[in-house]
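Novice: In short: position in the sequence shown from 1, add 756, done, that's this note's numbering. Just dropping this structure here.
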Amino acid sequence: MTATTAQHPVVEAEASRRQENGQLRIADAITAFAGSMQFVYLHALLFAGWMIWLESSPWPTLTLFVSLEAIFLSTFVMIGQNRQADFSQAKANHDFSVAEHELHENTEITRLVQQLTVEIHNHYVRRARADSQAAEGERQ
Numbered sequence: 757m758t759a760t761t762a763q764h765p766v767v768e769a770e771a772s773r774r775q776e777n778g779q780l781r782i783a784d785a786i787t788a789f790a791g792s793m794q795f796v797y798l799h800a801l802l803f804a805g806w807m808i809w810l811e812s813s814p815w816p817t818l819t820l821f822v823s824l825e826a827i828f829l830s831t832f833v834m835i836g837q838n839r840q841a842d843f844s845q846a847k848a849n850h851d852f853s854v855a856e857h858e859l860h861e862n863t864e865i866t867r868l869v870q871q872l873t874v875e876i877h878n879h880y881v882r883r884a885r886a887d888s889q890a891a892e893g894e895r896q
């Protein structure tokens, strides 16, 4: 038996949005790869190979290549940060609205409990008075 875990509605909406948008899927794949150790190992091998076997003076071209790659990678990082900020804001808005709804429900329940408590108290006070008056009448 497989246990399914409920996800936050904003998490589900964001996952659905990412699956439906090809650009977001590509950005997610690039960001996932660029943030991995495989990326580091691959670049270490590529740069070492480039400097050792491909060019006799690799520094100018290598510097250009690394600078261009850094521009693109920093852009993907910023895209990811912007999406994370949007996601966090959407989740915070959802959580706030749920908390507000629960606050209003709890306030209403508290008001009803207080009203019932007063009614029960009044009922028993009237009954106690009636019993007291009946007992007083019997004594006389």
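Ideal Cβ positions, reconstructed from N, Cα and C, are used throughout, including at glycine.
#1: Within 10 angstroms of the Cβ of residue 856, are there 16 or more other Cβ atoms? Answer buried if so, exposed if not.
#2: Distance, Cα to Cα, residue 884 vs residue 891?
#3: Specify the secondary structure class of residue 757 as computed by DSSP and reduced to three states.
#4: In its own chain, which residues sit with a C-beta less than 6 Å from the C-beta of residue 861, not counting the 5 before and 5 after it?
#5: Going by the beta-carbon positions, is the gap between residue 902 and residue 801 smaller than 9 Å?
#6: Please list the terminal residues of the continuous alpha helix (DSSP H) segment that includes residue 775.
#7: Could you tell me the alpha carbon to alpha carbon distance between residue 763 and residue 863, rounded to whole angstroms?
#8: Is residue 890 helix, strand or coil when you go by DSSP?
#9: Comparing the CB of residue 838 with every heavy atom of the ligand SAM, is any distance shorter than 8 Å?
Specialist: In short:
#1: By the neighbour-count rule (16 or more Cβ atoms within 10 Å), residue 856 is not buried but exposed.
#2: Spanning the two alpha carbons is a distance of roughly 10 Å.
#3: Only weak support is given to the placement of residue 757: the predicted model assigns it a pLDDT of 47, under 50, and the value that follows is read from those uncertain coordinates. Coil.
#4: Annotation for residue 861: no residue places its beta carbon closer than 6 Å to its own, counting only its chain and skipping 5 residues before and after.
#5: What the structure shows of the chain is the stretch from 757 to 896, and residue 902 is not part of that stretch, so it cannot be assessed.
#6: Taken as a continuous stretch (DSSP letters only), the alpha helix (DSSP H) holding residue 775 covers 765-776.
#7: Each residue's alpha carbon lies about 27 Å from the other.
#8: In the three-state reduction of the DSSP assignment, residue 890 falls in the helix class, which pools H, G and I.
#9: Absent from the structure shown: the ligand SAM. Ligands present: none.
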